[in-house]
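The sequence shown begins at 1 in the numbering used here and counts up one residue at a time. Following: one structure in structure tokens, then a few remarks.
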Amino acid sequence: EFSKVWKGYYAHSVKKSSVRVRDHQLGHIYNYFDAIKIKDITKKQYQDALIDLSKKGLAESTISGIHDTARMIFKKAVELDIIKKDPTEYARPPRKRPTLEEIEASDDIPKYLEKEELNEFLQFANNAGMPDDYMIFLLLSYTGLRAGELCALQWPDIDFTEKTLTVWKTYYNPNNNIRLYELQPPKTTASKRTIEIDDKVIAELKIHQAIQNKAKMKDRDVWHDKNFVFTVKKHPGYPIYIKHIENRMARLLRLSGLNLDLTPHSLRHTHTSLLAEAGVSLEEIMER
């Protein structure tokens, strides 16, 4: 009952997507404590619950998220004098020590592309990719954008004269209904940023815009005119979605013979790696 009170406070200060994540984590907490009065939950019961979650095979990151949610709830209960002691205060999620085999296996899967691999990947995107593939993956790898930030990108966000790109929103669509998308603030306050983009990207964006303008004229009666840079062909003018980018990248990785475990987010790490290799300072990379 109190978790619903807490969620009412929490929902006022975060995005809908964050509430959705907490709801999922609450489901795990309910499995252990929904039949026990909040004042009767002990430190041992709570720590045992974390250990049991680990025994069930949940990932450390998942358990950590569940623990974070529980801590917020019990802390708020103390603040509101619902309970006197917080049973989560000294609890610690179990940590699993990886085996040598697991460490070795994870090292075999780089989370980014080397410079030559990126060049090969972009060539495949240009020569064997589907419409917009090359522009999408060129922009991701040359800017370090998150996939959700790219989906939300609109033409006014790009200044062709100053050669800059401004990030101030991200795409949200939990049900994957193309017409029911939402634009939300980015991941953190620091994620709002304006970055420089080079001449190659500017030139390709101009070509992309010209092609889009022709499509827009052709479908002007049904075009969803919100100035999105990347749109869905079957739903003219509506923004592409994250799964669309993931599927396109998986296809290109198969064609090129590159690491199939890479994701669109790997291009963000690739961008960071190439900036570091080029001698850009850590402060500048973090800001970008």
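Note that beta-carbon positions come from the ideal geometry of N, C-alpha and C, so glycine has one too.
For H208, the nearest candidate out of Q154, D261, H12 and P185 (CA to CA): As a first step, residue 208 must be located in the sequence shown, where it is residue number 208. Cα-wise, what sits closest to H208 is Q154.
Limits of the beta strand (DSSP E) - the one that Y171 falls within: In the sequence shown, residue 171 corresponds to position 171, counting from 1. T170 to Y172 is the span of the beta strand (DSSP E), which, as asked, contains Y171.
R146 (DSSP reduced to helix, strand or coil): Here residue 146 refers to the residue found at position 146 of the sequence shown. Coil at R146, not helix or strand.
For H235: DSSP bridge partner residues: In the sequence shown, counting from the first residue as 1, residue 235 sits at position 235. Its beta-bridge partners are V232.
For L165, the three-state DSSP class (helix, strand or coil): What you label residue 165 is simply residue 165 of the sequence shown in a count that begins at 1. DSSP places L165 in strand when its eight states are reduced to three.
For L80, the three-state DSSP class (helix, strand or coil): On the sequence shown, position 80 is the one that residue 80 refers to. Correct three-state label for L80: coil.
Those runs of the beta strand (DSSP E) which lie wholly inside the stretch 184-268 and span at least 3 residues: 193-196 and 235-239
Cα-Cα separation between L231 and V5, rounded to whole angstroms: Counting from 1 along the sequence shown, the entry for residue 231 is found at position 231. Counting from 1 along the sequence shown, the entry for residue 5 is found at position 5. In the sequence as presented, Leu is not what sits at residue 231; that position holds Thr. Cα-Cα distance, rounded: 40 Å.
Limits of the unbroken alpha helix (DSSP H) element including N127: Taking the sequence shown and counting its residues from 1, one reaches residue 127 at position 127. Here the alpha helix (DSSP H) through N127 covers K115 to A128.
Pairwise C-alpha distance: K115 and A278: Mapped onto the sequence shown, residue 278 falls at position 278. Mapped onto the sequence shown, residue 115 falls at position 115. In a straight line, the C-alpha of A278 is about 11 Å away from that of K115.
Under 8 Å between C-beta atoms of P93 and I63: Within the sequence shown, the letter at position 93 stands for residue 93. Within the sequence shown, the letter at position 63 stands for residue 63. Yes.
Distance between beta carbons of K243 and N176, contact taken as under 8 Å: The residue labelled residue 176 in the question sits at position 176 within the sequence shown. The residue labelled residue 243 in the question sits at position 243 within the sequence shown. Right, the Cβ-Cβ distance comes to about 6 Å (below 8 Å), so this counts as a contact.
Counted within 10 angstroms of its Cβ, other Cβ atoms place L80 as buried (16 or more) or exposed: For this step, residue 80 is matched to residue 80 along the sequence shown. L80 comes out exposed.
Cβ neighbours of I285 in the same chain (closer than 7 Å, five flanking residues each side left out): On the sequence shown, position 285 is the one that residue 285 refers to. Excluding sequence neighbours, I285 sits near T272, L275 and A276.
Identity of the residue in A128, Y142 and M130 nearest H265 by Cα: In the sequence shown, the residue the question calls residue 265 occupies position 265. Checked all of A128, Y142 and M130; the closest Cα to H265 is Y142.
Own chain, CB closer than 7 Å to V223, minus 5 neighbours either side, in chain order: What you label residue 223 is simply residue 223 of the sequence shown in a count that begins at 1. One detail in the question is off: residue 223 reads as Trp in this sequence, not Val. These residues qualify, in order along the chain: K216, P236 and G237.
Run of the alpha helix (DSSP H) containing E284, from where it starts to where it stops: Residue 284 sits at position 284 when you count from the first residue of the sequence shown. L282 to E287 is the span of the alpha helix (DSSP H), which, as asked, contains E284.
Given G129 as reference, the closest of H269, A250 and K200 once Cα atoms are compared: Within the sequence shown, numbered from 1, the residue matching residue 129 stands at position 129. Answer by Cα proximity: A250.
Which listed residue (K39, T69 and A35) has its alpha carbon closest to that of L50: Numbered from 1 along the sequence shown, position 50 holds the residue referred to as residue 50. Ranking the options by Cα distance to L50, first place goes to T69.
Close beta carbons around S3, own chain, < 7 Å, minus the five adjacent residues each side: By one-based count along the sequence shown, residue 3 stands at place 3. Closer than 7 Å at the Cβ level, and outside the excluded window around S3, lie L26 and I73.
Contact under 8 Å by Cβ, W267 with L253: Here the question's residue 267 lines up with position 267 in the sequence shown. Here the question's residue 253 lines up with position 253 in the sequence shown. Inspection of the sequence shows that residue 267 is occupied by Leu rather than by Trp. No, these two residues do not count as a Cβ contact at 8 Å.
DSSP bridge partner residues for Q154 (one or two, in chain order): On the sequence shown, residue 154 is found 154 positions in, with the first residue counted as 1. Paired residues: F228.
Alpha-carbon spacing of I83 relative to I66, whole angstroms: Here the question's residue 83 lines up with position 83 in the sequence shown. Here the question's residue 66 lines up with position 66 in the sequence shown. Whole-angstrom Cα-Cα distance: 20 Å.
Status (buried if at least 16 other CB within 10 Å, exposed otherwise) for E149: Here residue 149 corresponds to residue number 149 of the sequence shown, with the count starting at 1. With 16 or more Cβ atoms within 10 Å of its Cβ, E149 is classed as buried.
Nonlocal neighbours in the same chain, by C-beta distance under 8 Å from V19, ignoring five residues either side: Numbered from 1 along the sequence shown, position 19 holds the residue referred to as residue 19. Hits under 8 Å: K7, Y10 and A11.
Local conformation of E277 per DSSP, three classes: As a first step, residue 277 must be located in the sequence shown, where it is residue number 277. Three-state DSSP puts E277 in a helix.
Residues near K76 in its chain [Cβ-Cβ closer than 7 Å; skip 5 each side]: By one-based count along the sequence shown, residue 76 stands at place 76. Excluding sequence neighbours, K76 sits near W6 and Y9.
Beta carbon of F137 nearer than 8 Å to that of L122: Taking the first residue of the sequence shown as position 1, residue 137 is located at position 137. Taking the first residue of the sequence shown as position 1, residue 122 is located at position 122. Yes, the Cβ-Cβ distance between F137 and L122 is below 8 Å.
Proximity to K39 [Cα-Cα], best of S54, R22 and E1: Residue mapping note: residue 39 aligns to position 39 of the sequence shown, counting from 1. Taking only the C-alpha atoms, the option nearest K39 is E1.
Local conformation of E60 per DSSP, three classes: Along the sequence shown, read from residue 1 onward, the residue named residue 60 stands at position 60. E60: helix per DSSP, three-state reduction.
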